[in-house]
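*Asks:* With my numbering applied, the first sequence corresponds to residues 758 to 1341, in that order.
Dropping the structure in here first, questions after.
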Amino acid sequence: MNDAAREWIALVCKALNGLRGESGAPIEAAEIVAEVPPKPELGDLAFPMFPYAKRLRKAPGLIAESLVAELERIGGLPGKVSPAGPYVNVRYLVGSVARSVVEEALALGPRYGRTDRLAGERVMVEFSSPNTNKPLHLGHLRNDILGESVSRILKANGADVCKTDLINDRGIHICKSMLAYERFGGGRSPESAGVKSDHFVGDFYVKFNEWAKEDPSAEEAAREMLRRWEAGDGQVRSLWRRMNDWAIKGIEETYRRTGISFDRIYFESETYEAGREEVLKGIASRVFSRDPDGSVWVDLTDVGLDRKVLLRKDGTTVYVTQDIGTAIARRRDYPFDRLIYVVASEQHYHFKVLFNILSRLGFPWAENLHHLSYGMVNLPEGKMKSREGTVVDADDLLDELEGMAAAEIRAKGREEEVGDLAATSRAIALGALNYYLLQVSPSKDMVFDPKESISFVGNTGPYLQYMGTRISSIMRKLDELRSPLGEAEFRPELLAAGDEWELVKLVGALPDVVARAGDELNPSLVAGYLFTLASTFSRYYHDTPVLHNDDPHLTATRVALAKAVGTALRNAFELVGIPFLERM
RNA sequence: GCGUUCGUAGCUCAGUUGGAUAGAGCGACGGACUUCGAAUCCGUAGGUCGCAGGUUCGAAUCCUGCCGGACGCACCA
C-alpha cells in the first residue's frame, strides 16, 4: 500500500521536474503532496497541483494535464492516472496490490499489522493508580483501557513495554476508611458481610464522611490516626494492612474482569520515603532550599511555575515528593527510554512540576517523561460527585452491561447457539465499554449517559464484534460444504466490486494505523479504523455473496478477502480490548 | 487574575501533513428478512465548523483577539 504510494510519488516528482525543464530549483520528492481522494471513485491517491503553480508559472489545471501526459510519455506506470481539475488522480493496479495485501495478512495471521517502528525502545507506562479507600469507578475505566491499549499499541510497534501501576495506599483518605471501620465495623469482614472486598472498604469511607458531617472531631481523629500510621503504630499498621488487602484484592478482581494487567506494581507506602531522601540530597546540592520553619521548597518561578513545598515543616512528604522517589526507583528497576504517565488532565500542572524537578536534580532521563493527559468522564448533569452519590461504579456498570447483553441474546433466541451465555455476555459488555471509552480522542472530556450511552446498535463495540461473528459464520458454512473449493485459487483480479477494493486498501492500511496510533499515543485512531473496516465489510457482504457463486475461483478469492478482513479486525480488536467472538 | 485545554448536525463523536461538495452513530421519517445471521443494510431530513480578524492559491485545521465551558494555580492525593 505504502509502497505503491511511494512509487507514485517518485514518478510524479520525476515528471514534474521533466515539465520544469532547466528553469529554477529542482522539485524534491519530499515536497510532493499526496493525499487520499475524498471519494473512492476518484481514485486511490491524489496529487494537488496548486503548490507548483508558481514554480511552473502555469495554472494548476494545466499542470495536471501536462503532468499526466508526461507520466504517460515516461510509461511503465503501475496503474492508471487521470487529470481532474487541479488534481492528478491515480488508481493502483488492483490485482498486484490485492495479492500482496491479502497474502501478507493471511501469512502473518495474528502478527499482521505489527510494525518495527519502535523496535528496541523500552517504554514504561503507568496507568490506573487507584486509591485503596474505595472501588474503581467509571473514570478509572477510561484510564485503565487507555493505558492498556496504548501499551498494546506500543508493543505492536515493536517496543519493549513495561506496564506499571502505582497503588496509593497511604494518606489521610485511607485512615478515614480505617477509622470508620473501627467505629462502625463491628469486626465484620467482606466474607462475613458477603460484599466484594473493595466495596466493603469503600462503604466505610462513605460512612466516615457521613459521620464527619455530624461530628467535626472526626477529621481530627483521622489526622491523629495518620500520625500514628507514620510513627509505625503496630495496631494502626495491622488494621491498615488488613483493609488494604481487602481493597487491593477487590480492585484486582475488577482488573481481571476488564482484561487489565501489570508487569510491575509500586506501592506509595514503599516509595514515599525514597522521595524524602532525594529531597534531602537536593538541599545539599542547592537545588532546593529550607525555610526557617523547617519546610523544604523548590523555586520554579524562573520557568513560570510556582514555589512548591516538598517537605512540610514536620518533615512529612507531599504528593510530588513520593512521585520523585517513585520515578527514580522505576528508572533503576527498568531503565526506560520513555516513561508515559496516563493520568487525568487535571494533573497537568503536577507533572510539569514533577518533570522540572527531576530535570533540576540532574537526571538526563527527565527529558523522556511524558504525561498522557486525558479528559474527564462527565455525566449529563455534570461532574461525577461522590458526595452526591453520582459516581458510576465500575463493577455496577459492568454488571449492568452484562445483564443487557444476556437479555439481548435471550431476546434473539440465541442461547443455544452461543453456548456459554455468561462468557459471551461478558465479552459483549467489555467490547461495548472499551470501544465506547476509546472512541473519543484521549484529550477530550466526554459525556457518559448511563441510560443511553452504551448501546449495542450502530457505531458500537458489539457492532464490530458482530462483523467478526459474521465472518466466522461464513467460514463455518464453508467447512460444512466439505472442501468445496477444490482446485479453486485466489485470483485477485476477480476483486472487481468497489467495496472489495476498499476492503483490500483498508486491510492494507492496518500497519499504518498502528504506527500512527503509536506515534500519537491515540487508540481512538484504531477505533475509527475498526468502524470503517467493519461498516465497509457489512455493506459488502450484504449484497455480495461470498460463498454462493458459479465460479469457484471467485468464491476462493472472496473467502480469502473475508479471512484477511477477519484477521485485520481481530488484530485491531486486540489493541483496543474488544474480545473477538465466533458467535454472539 | 494567570496557565492548560475544549467549542463541528437535536444528542454523542470523527474529520489525516492546511486541499475537491465537512462525515458517522443515535434520535426522527420511509424502505429491505424464502437467499452466507436484520446486534444488519438502503434512503430522506438535519451544519454560519463559538465569533471577528490575519496568513495562504486554498483554513474546521495554522496565528492573534474576543466569547463560552472544563480543569489547574493547596504544607490534599
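Even for Gly, the Cβ is constructed at its ideal location relative to N, Cα and C.
1. Could you pull out every residue in the same chain whose Cβ sits closer than 6 Å to the Cβ of R985, ignoring the five residues on either side in sequence?
2. Would you mind giving the Cβ-Cβ distance between H1310 and A1151, rounded to the nearest angstrom? I have them listed as a contact below 8 Å.
3. Could you check whether N966 and N925 sit closer than 8 Å to each other, using their CB atoms as the reference points?
4. When you compare the CB positions of E1257 and Y1297, do they come within less than 8 Å of one another, or not?
5. Looking only at its own chain, which residues have a Cβ that is under 7 Å from the Cβ of R1273, when we skip the five neighbours before and after it?
6. Answer with buried or exposed for M758, where buried requires no fewer than 16 other C-beta atoms within 10 angstroms of its C-beta.
7. How long is the line joining the alpha carbons of T1324 and R1089, rounded to whole angstroms?
8. What does the Cβ neighbour count give for S906, buried or exposed, with the cut at 16 atoms within 10 Å?
9. Could you check how far apart the C-beta atoms of N890 and V958 are, in whole angstroms? I think they sit under 8 Å.
10. Using CA coordinates, which residue listed in W765, P867, R909 and P797 is at the minimum distance from V1261?
11. Rounded to a whole number of angstroms, what is the C-alpha to C-alpha distance between K811 and R763?
12. Helix, strand or coil, according to DSSP, for L1278 in the structure here?
13. Would you call the CB atoms of V859 and V882 closer than 8 Å?
14. Quick check: what's the CA-CA separation for S1200 versus L776?
15. Tell me where the alpha helix (DSSP H) around F961 begins and ends.
16. For the putative contact between A1189 and L1158, defined by C-beta atoms under 8 Å, what is the C-beta separation to the nearest angstrom?
17. Please state whether DSSP places P1137 in a helix, a strand or coil.
18. Quick check: what's the CA-CA separation for L983 versus G928?
19. By Cβ distance below 6 Å, which residues in the same chain neighbour G1051 in space, the five residues on each side in sequence not counted?
20. Would you mind working out which of R879, W997 and F1205 sits nearest K1140, comparing C-alpha positions?
21. Count the other CB atoms within 10 Å of the CB of A1031; is the residue buried (16 or more) or exposed (fewer)?
22. My parser needs the beta strand (DSSP E) runs of 3 or more residues fully inside the region 783-862; what are they?
23. What do you get for V1336, buried or exposed, if any count of 16 or more other CB atoms within 10 angstroms of its CB means buried?
24. So is H894 buried or exposed if we call it buried at 16+ other beta carbons inside 10 Å?
25. My understanding is that V845 touches V854, with C-beta atoms under 8 Å, so please give their C-beta distance in whole angstroms.
26. Do you know offhand how far A761's Cα is from A864's?
27. Report the residue from L773, R980, G942 and L799 whose alpha carbon sits nearest the alpha carbon of K964.
28. Report the start-end ranges of each beta strand (DSSP E) in the region 1105-1166 that is 3 residues or longer and not cut off at the edges.
29. Using the C-alpha atoms, what's the distance from V1053 back to T1073?
30. Considering only residues of the same chain and omitting the five flanking positions on each side of A916, which have a CB-CB separation below 6 Å?
31. What's the call for E1138, buried or exposed, on a 16-neighbour Cβ count within 10 Å?
32. Taking M1341 as part of the alpha helix (DSSP H), name the residues at either end of that continuous run.
33. Taking all protein chains shown into account, do 16 or more other C-beta atoms lie within 10 angstroms of the C-beta of P1280, making it buried, or fewer, making it exposed?
34. Does the separation of the CB atoms of A772 and L828 fall below 8 Å?
35. Using 8 Å as the cut-off, can you tell me whether the region 1214-1231 makes contact with the region 1298-1307, which would need three or more C-beta pairs spanning the two stretches below that distance?
*Replies:* Based on what the coordinates show:
1. Once the five neighbours on either side are set aside, the close Cβ partners of R985 are V993.
2. Approximately 51 Å separates the beta-carbon atoms of H1310 and A1151; this is outside 8 Å, ruling out the contact.
3. By the CB criterion at 8 Å, N925 and N966 fall outside the cutoff.
4. In contact: E1257 and Y1297 (Cβ atoms closer than 8 Å).
5. Closer than 7 Å at the Cβ level, and outside the excluded window around R1273, lie L1282.
6. Because M758 sits at a pLDDT of 49, beneath the cut-off of 50, its placement in the model cannot be relied upon, and the following sentence gives the value as read from the coordinates. Buried, by the Cβ-count rule.
7. C-alpha separation (whole angstroms): 39 Å.
8. Result: buried.
9. Rounded to whole angstroms, the Cβ separation of N890 and V958 is 6 Å, and the two are in contact under 8 Å.
10. For V1261, the closest C-alpha among the options W765, P867, R909 and P797 is that of P797.
11. Rounded to whole angstroms, K811 and R763 show a C-alpha spacing of 25 Å.
12. Of the three classes helix, strand and coil, the one that applies to L1278 here is coil, per DSSP.
13. Taking 8 Å as the cut-off, the Cβ atoms of V859 and V882 do not count as close.
14. Those two C-alpha atoms are separated by around 45 Å.
15. First-last of the alpha helix (DSSP H) with F961: S954 to E971.
16. About 6 Å separates the two Cβ atoms, so the contact holds.
17. Note: P1137 maps to coil in three-state DSSP.
18. If you take the alpha carbons of L983 and G928, they lie about 7 Å apart.
19. Hits under 6 Å: K1070.
20. Nearest of R879, W997 and F1205 to K1140, Cα basis: F1205.
21. Classification for A1031: buried.
22. Listed in chain order, the complete beta strand (DSSP E) runs (minimum 3 residues) inside the region 783-862 are 802-805, 836-841 and 844-849.
23. Per the sequence shown, the amino acid found at residue 1336 is Pro instead of Val. Buried, by the Cβ-count rule.
24. A residue is called buried once 16 or more other Cβ atoms fall within 10 Å of its Cβ, and H894 is buried on that count.
25. The Cβ separation is near 19 Å, so there is no contact.
26. Their backbone Cα atoms lie some 20 Å apart in a straight line.
27. It is G942 whose Cα lies nearest to the Cα of K964.
28. Whole beta strand (DSSP E) segments, 3+ residues: 1126-1131.
29. Cα to Cα, T1073 sits roughly 10 Å from V1053.
30. Excluding residues within five positions, the ones whose Cβ falls inside 6 Å are L875, E878 and V880.
31. Sixteen is the threshold: since fewer than 16 other Cβ atoms of the shown chains lie within 10 Å of the Cβ of E1138, the residue is exposed.
32. Here M1341 belongs to no alpha helix (DSSP H), and DSSP marks it neither H nor E.
33. Its Cβ being crowded by 16 or more others within 10 Å, P1280 is buried.
34. Contact: yes.
35. Touching, per the Cβ criterion.
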